[in-house]
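Below is the structure:
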């Protein structure tokens with residue numbers, strides 16, 4: 064190269080050194096207060112969270128009066144497209160441009176990614192949609208709360224319920240990745256605690272579409288319960304296979320993770336399964352009243368528990384901000400830790416200080432067949448309510464290394 | 359055989375499945391009719407792609423066709439996602455083929471038996487046409503030495519297009535067969551295409567027998583792997599592929615000159 | 372180096388220096404990392420004619436190794452990056468030894484196959500890689516004691532390192548080594564007849580390309596403070612191929628432009644209502660490129676009257 068290299072090099076060097084001393088981007092102390100709803104806007108989780116979650120958050124803001132501490136509240140819809148790195152980058156952008164709260168994070172990878180960013184930026188993140196219990200376990204931090212549900216709660220509610228009602232022998236179909244493994248571990252504990260056991264577990268590789276061999280084996284083993292400890296497309300395929308082999312007539316089917324929106328999409332596939340949810344729109348008057356308002360704004364659909372949780376979390380956070388008189392994450396966190404509350408979503412709610420797990424009632428529900436539903440989207444029938452003390456991982460068993 | 363590495367093959371598989379689904383939704387097309395109609399419809403779409411797009415790149419390094427078909431996958435999958443939504447579309451097993459059959463030593467889903475029989479029949483048919491009929495001979499000749507074949511007065515372009523169309527149609531047929539058992543979703547071709555490439559490479563490019571044998575053998579191997587040592591089953595096929603390429607570069611049944 | 376290439380390079384450098392001031396810094400980091408990644412593929416594809424569909428093997432492998440060492444063993448950043456590069460280089464040498472003897476579809480399939488093996492391994496080894504949840508780094512660690520948390524600061528560090536990588540690639544193509552590559556590309560049998568161990572050259576390029584990919588992958592993981600399965604996914608391999616072809620195969624500087632355009636477009640589309648439909652847009656653009664503008668953007672700019680490096 065004939066261009067003298069010294070000049071660009073010096074320039075680069077100067078810029079380099081000056082950047083290391085970059086001043087921290089301070090949050091504006093005037094101007095609107097921003098909530099960033101970081102969710103899957105157009106992918107596989109868009110129906111269970113997505114636009115509906117953003118709208119639920121906006122509802123909460125409107126109901127709160129649109130302002131707090133004299134400042135207007137703004138809701139940003141951010142699409143993480145189910146990519147951890149993208150969620151992290153966008154969260155950083157949001158926080159740097161004045162967001163005080165990151166909400167939703169449906170998809171465990173994005174939940175963990177944003178939790179890290181929240182810790183780095185000293186801003187709050189409330190995970191509602193993401194499932195992994197690592198958010199309050201190995202990856203816990205001062206600035207992140209896990210609000211709606213987690214894999215432990217799913218396993219222990221569904222597992223305990225079915226075992227206690229006679230399903231002692233379990234046959235597990237487990238996907239061979241992080242989610243599946245943690246589900247199996249949690250389910251095994253829950254089932255054992257009620258006097259049951261897993262007679263067999265089949266781990267299937269990622270992307271298995273043909274479950275016939277597993278279903279045959281399950282049929283021959285004659286268990287009381289078939290545990291489909293999977294999610295998404297795996298659940299669809301395994302449910303299809305289970306029905307093909309008539310297993311739904313022979314035994315109870317427990318599904319690891321399922322949402323109202325999934326049943327809306329594929330009712331025949333999911334009917335007859337038993338699952339756990341954090342909330343159901345038709346579970347009581349208060350729930351229904353809120354659901355009716357949401358439905359009016361969302362074309363007659365019915366909200367999932369995640370969308371409701373976003374509304375609830377937003378309201379709770381705004382209340383805290385108002386009470387503390389500041390959006391400073393440290394102060395709000397201190398205010399929230401240990402606080403108990405109740406609303407249409409969280410019954411017996413508490414912002415657990417030990418690991419930032421927000422505990423509340425969970426519900427075991429059956430998915431009704433189309434012929435039995437009394438109105439559109441009324442898919443669930445609550446068969447048991449699990450109190451918060453039993454639904455979530457006990458504090459004594461928490462692996463969270465609390466550093467606050 | 360056509361020296362076209364078609365990444366979009368998996369997308370054709372997906373389109374076959376979706377054609378079945380929409381056929382049922384919009385036209386109340388019964389499954390058995392879909393088995394015939396969907397491959398034809400998708401096959402014609404393949405012909406359209408070939409004549410308008412792929413044909414332009416035949417004179418160049420085949421790598422460009424690979425890149426073009428890769429781009430097509432992205433476009434087709436995303437379009438389907440816009441149309442059908444990212445979640446699956448449900449398609450249930452036709453009643454006539456539901457339930458399980460008693461094979462004496464075990465119960466096996468009737469539908470799966472049907473799929474096995476149809477696959478075997480179609481594969482046998484394809485092998486027969488390519489290896490034992492005059493048309494097949496012409497196709498094989500055209501791929502090995504197109505100039506000479508043209509000198510005989512045979513329209514190689516039409517032959518190539520037709521072969522491509524049939525290939526696409528077969529992929530769509532596989533999609534139709536898959537629809538009742540798998541989640542019909544826009545990305546269902548993704549996993550399939552990678553394994554398909556591996557199978558074709560293992561069997562040997564240009565060899566129908568190779569593809570058939572390798573396909574069935576590897577399907578068997580993967581299932582066995584899933585039972586014996588699950589973590590390895592997804593990678594087994596690639597490990598086999600690497601071994602085969604190193605040991606027998608042309609694939610198990612391939613012709614040696616296609617090795618480079 | 373031609374005047375035009377120099378000009379493009381100068382423009383890129385200017386843009387690169389100013390980038391984090393008008394684009395979010397982490398996005399800028401992504402951009403330049405992919406730029407170097409694309410350059411590494413260009414060495415392989417543009418100068419040796421081998422299209423690898425599994426470069427995510429090295430990009431992701433290097434990224435994961437660096438991330439794992441940083442997150443789990445808390446080593447110095449320099450060591451982590453070095454380890455990532457070492458992993459990529461060794462892997463490239465091993466895979467290359469098998470792969471370069473083939474060409475065309477066979478070569479592509481080997482790279483793809485091995486990349487898939489790494490993908491599924493990363494997926495299964497949850498304790499090491501975090502599986503599908505990814506591996507958050509918790510911080511960028513320290514480089515010889517200096518903290519790297521500032522995004523802009525890290526960008527400039529990455530910029531310098533990427534620039535070094537690009538400079539290295541450019542020098543390589545202009546060296547006697549590069550001349551042999553050109554000879555091989557123009558007439559391989561003759562090159563063999565002249566006594567050149569063609570396979571050795573191919574292996575060397577494959578290894579170098581792998582090393583550069585691993586280097587940029589490690590920087591990417593550090594930049595994002597996160598290592599995820601997307602780094603080892605075959606879609607990423609496909610993405611870098613598109614960037615390289617779009618920018619201009621065989622130009623070294625072209626792929627940088629391709630990467631920049633691709634990532635920027637991706638970023639802006641993600642903010643629109645059709646957020647997840649980037650594939651549609653990129654696929655359509657790429658299809659047009661392959662059909663009509665095979666020389667790529669910079670290829671077209673550099674090409675006109677001169678007979679230039681690059682396949683066509």
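Residue numbers (this note's numbering), protein chains in the order written: chain S, 64 to 467; chain H, 359 to 618; chain X, 372 to 683. Don't be surprised by glycine CBs; every beta carbon is placed ideally from N, CA and C.
| Item | Value |
| --- | --- |
| Does any residue of chain S bring its CB to less than 8 angstroms from the CB of residue 445 of chain H? | yes |
| Suppose you measure from the CA of residue 494 of chain X to the CA of residue 303 of chain S; what does that come to, to the nearest Å? | 26 angstroms |
| Take residue 452 of chain S as the anchor and find which of S/423, S/440, S/434, S/124 has the nearest alpha-carbon. | S/423 |
| Hey, would you say residue 407 of chain S sits closer than 8 angstroms to residue 350 of chain S, going by beta carbons? | yes |
| Mind pulling the chain H residues with CB within less than 7 angstroms of residue 655 of chain X? | 433 |
| Given this structure, state the Cα-to-Cα distance separating residue 448 of chain S from residue 496 of chain X, to the nearest angstrom. | 37 angstroms |
| Name, in chain order, the residues that DSSP records as bridge partners for residue 207 of chain S. | S/188 |
| Would you mind working out which of X/531, X/606, X/541, X/428 sits nearest residue 492 of chain X, comparing C-alpha positions? | X/428 |
| For residue 209 of chain S, which residues in the same chain have their Cβ closer than 6 angstroms to its Cβ, ignoring the five residues on either side in sequence? | 190, 198, 199, 420 |
| With respect to 7 angstroms, is the separation between the Cβ of residue 564 of chain H and the closest non-hydrogen atom of the ligand GDP below this value? | This structure does not include the ligand GDP; it has no bound ligands of any sort. |
| Rounded to whole angstroms, what's the CA-CA distance from residue 454 of chain X to residue 528 of chain X? Just pull it up for me. | 18 angstroms |
| Does any C-beta atom of chain H lie closer than 8 angstroms to the C-beta of residue 650 of chain X? | yes |
| Which residues share a DSSP beta bridge with residue 543 of chain H? | Bridge partners of residue 543 of chain H: none, in fact. |
| Counting contacts by CB-CB distance shorter than 8 angstroms, is residue 581 of chain H in contact with chain S? | yes |
| Please report the distance separating the alpha-carbon of residue 168 of chain S from that of residue 448 of chain X. | 29 angstroms |
| Give the interface partners of residue 411 of chain H over in chain X, defined as CB-CB distance under 8 angstroms, in chain order. | 658, 662 |
| Taking just the CA atoms, how far does residue 597 of chain X sit from residue 589 of chain X? | 10 angstroms |
| Listed in chain order, which residues of the segment 389–420 of chain S have Cβ atoms closer than 8 angstroms to some Cβ of chain X? | none |
| For the segment 462–475 of chain H against the segment 355–373 of chain S, are there 3 or more C-beta pairs whose distance is under 8 angstroms? | no |
| Compare the C-beta of residue 273 of chain S with all C-beta atoms of chain H and state if any pair is closer than 8 angstroms. | yes |
| As an exercise, report each continuous alpha helix (DSSP H) stretch of at least 4 residues that is fully enclosed by the segment 486–549 of chain H, in chain order. | 492–502, 504–509, 514–536 |
| Under 8 angstroms, with one C-beta from each stretch per pair, do the segment 384–402 of chain S and the segment 359–373 of chain S reach the 3-pair mark? | no |
| Only counting the same chain, and skipping five residues up and downstream in sequence, which positions put a Cβ closer than 7 angstroms to that of residue 568 of chain H? | 561, 562, 609, 610, 611, 612 |
| Excluding the 5 residues flanking residue 403 of chain S on each side, which residues of the same chain have their C-beta closer than 7 angstroms to its C-beta? | 412, 413 |
| Looking at residue 116 of chain S: is its Cβ nearer than 8 angstroms to the Cβ of residue 157 of chain S? | no |
| Give, in chain order, every unbroken run of the alpha helix (DSSP H) that is at least 4 residues long and sits entirely within the segment 114–171 of chain S. | 147–159 |
| Using 8 angstroms as the Cβ pair cut-off and three pairs as the minimum, do the segment 375–393 of chain H and the segment 519–538 of chain H touch? | yes |
| Counting only C-beta atoms, is residue 336 of chain S closer than 8 angstroms to chain H at any point? | no |
| Between the beta-carbon of residue 587 of chain X and the beta-carbon of residue 533 of chain X, is there less than 8 angstroms? | yes |
| Where does the unbroken alpha helix (DSSP H) through residue 221 of chain S begin, and where does it stop? | 214–227 |
| Alpha carbon to alpha carbon, how far is residue 487 of chain X from residue 656 of chain X? Give it in angstroms, no decimals. | 27 angstroms |
| Starting from residue 171 of chain S, find everything on chain X with Cβ-Cβ shorter than 7 angstroms and list it in chain order. | 504 |
| Can you look up residue 557 of chain H in the DSSP assignment and give me helix, strand or coil? | helix |
| Mind checking residue 184 of chain S: buried by the 16 CB within 10 Å criterion, or exposed? | buried |
| Given residue 89 of chain S, which residues of its chain have a CB within under 6 angstroms of its CB, disregarding the five upstream and five downstream residues? | Model confidence at residue 89 of chain S stands at a pLDDT of 43, short of 50, so the residue's coordinates are unreliable; what they give is reported in the following sentence. Contacts found: none. |
| How is residue 447 of chain H classed by DSSP in three states: helix, strand or coil? | strand |
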